[in-house]
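Residues -25 to -1, 1 to 339 (mature numbering (1 follows the signal peptide of the UniProt record, and there is no 0)) make up the sequence shown, in order. Beta carbons: idealized from backbone N, C-alpha and C, even for Gly. All values derive from a computational prediction rather than experimental measurement.
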Amino acid sequence: MMKTHHLIRVVASLAMLATSGLAYAEEYKASTDEKAIKMTNVASLEARVQAKMEKGAFGYIRGGAEDENNLRSNTESFDKKYIMPRVLQGIELKEIDLSTQLLGIPLKTPIIQAPMAAQGLAHASGELATAKGMAQVGSIFSLSTYGNKTIEEVANVSGKNPFFFQLYMSKNNQFNEFILAQAVKHGAKAIILTVDSPVGGYREEDIKNNFQFPLGFANLEMFARKNDDGSKTGKGAGISEIYAQAKQAFTPEDIAYVHRISGLPVIVKGIQSPEDAEIAIQAGAAGIWVSNHGGRQLDSGPSSFDMLPAIAKVVNKRVPVIFDSGVRRGSHIFKALASGRILWRLAGLYYTVLILAALRVWHQ
């Protein structure tokens, strides 16, 4: 009986999502602020950002799955590891070099920007501001399939700075091949294939807020125009409606398929077990991205940081390892780097912060 009641509540909530979004979508206006920001740390900015954003949009960005245990454990897991200071080593700051490379692309720091959907929720410039900011700091921007700007627009503002394209595979291979062709045409250097989101996580914050995406997804809009179908642009859709179009039954062949269609290196994102890392490499993955989607998918899973050492050991330097979820401070990055040869990426809480910071870098 309790399960039946729970199902009824879920269906009722989804019904509310399906009926309340059009007016909300028409009224949404993102911030247009472009000014310097003062902050003690990234987390301290959260309340200021929350005050400027519509409740549902902020909840979508901030929230995790179910009870948010995984969201919290991603950060708390770093507190279980300590940094052993070494002294008397004769090292000066000027001797420290943070530069590295990823897939042959030189980077000034071991930090890249992750694909984050719907950045237009946080700022009217959306992905374009973020791409400009990453170009200024000499790192890689990654555009989500569900971005509010097109691949071409991102390529134009990126200039010579490299960018990646993240693919949420569709059940429709016509869309997959169309969007991969756009990525190749406009100069993406790699494809990030996300495999940890065959369905949407049960994000209670979105249900409580009746959240629907108030802005269309530019890549979906472009494909819809090409096929004379304006019904699948993402505007006014809830999370469940978006994921209803996504491929669910992932296999190693999907990695080979994406590489075959695009001819680009394929980084597999959403790896949480050493076994899956090995399978992905055997299928041709050019990189392994350790991630639990920031605690937004499976609330009972392990933290990304807890799984990182075992995955890095299995990969054994055969391909690059990229890591995300739960990072809030530089010391967290240091601990992650010490757990394996990895790159760290920005997302999660940094969603809005990164856009604001990118704007500041760009205008400087």
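Between the options, which has its C-alpha nearest residue i's C-alpha?
i	options	result
Ser172	Val243, Met109, Ile254	Val243
Ala224	Val174, Ile71, Ala130, Ala252	Val174
Leu155	Glu67, Arg178, Glu127	Glu127
His98	Ser6, Phe280, Ala287, Ala258	Ser6
His160	Phe139, Glu179, Leu168	Reading off the sequence shown, one finds Lys at residue 160, where the question assumed His. Answer by Cα proximity: Phe139.
Asp229	Ala258, Pro240, Gly245	Ala258
Gly301	Ile12, Asn45, Tyr35, Ala26	Asn45
Glu16	Ala287, Gln141, Gly305	The question names Glu, but residue 16 is Asn in the sequence shown. Comparing Cα-Cα distances from Asn16 to each of Ala287, Gln141, Gly305, the minimum goes to Gly305.
Asn180	Glu2, Ala158, Gln247, Arg37	Checking the sequence shown, residue 180 turns out to be Glu, not Asn. Glu180 has its Cα closest to that of Arg37, out of Glu2, Ala158, Gln247, Arg37.
Ala130	Ala104, Phe153, Gln149, Ala163	Ala163
His307	Leu283, Arg200, Phe153, Asn151	Leu283
Ala252	Lys292, Tyr218, Glu216, Arg271	Lys292
Gln272	Gln141, Ala260, Gln247	Gln247
Ile256	Ala26, Val289, Leu190, Asp203	Val289
His268	Tyr232, Ala26, Thr169	Thr169
State the CB to CB distance for the pair residue i and residue j, rounded to an integer number of angstroms; the pair is presumed to be in contact (CB under 8 Å).
i	j	result
Gln220	Lys124	About 20 Å; that fails the 8 Å criterion.
Tyr143	Phe192	Contact doesn't hold; Cβ gap of about 10 Å is too wide.
Leu77	Ile87	7 Å
Pro240	Ile286	With a Cβ gap of about 19 Å, Pro240 and Ile286 do not count as contacting.
Ala40	Gly245	Going by Cβ atoms, the distance from Ala40 to Gly245 rounds to 14 Å, so no, they are not a contact pair.
Leu96	Ala18	20 Å between Cβ atoms; not a contact.
Check the DSSP bridge columns for residue i and list the partner residues they point to.
i	result
Gln141	Ile167
Ala221	Ser145
Do three or more CB pairs link the region 223 to 242 to the region 186 to 202 at distances below 8 Å?
-> no
Return the chain-ordered ranges of every beta strand (DSSP E) run that is complete within the region 48 to 123 and spans a minimum of 3 residues.
-> 75 to 77, 80 to 82, 86 to 88, 116 to 118
Validate contact between the region 107 to 121 and the region 46 to 65 using beta carbons, cut 8 Å, 3 pairs = no
Could you tell me whether the region 257 to 271 touches the region 295 to 315, using the rule of 3 or more Cβ pairs below 8 Å?
-> yes
Okay, do the region 70 to 79 and the region 100 to 109 touch, 3+ Cβ pairs below 8 Å being the bar?
-> no
In chain order, which beta strand (DSSP E) runs of at least 3 residues are fully inside the region 232 to 281?
-> Complete beta strand (DSSP E) runs here, min 3: 241 to 246, 262 to 265.
Count the C-beta pairs between the region 47 to 56 and the region 274 to 292 that are closer than 8 Å, then say yes if the count reaches three, no if not.
-> yes
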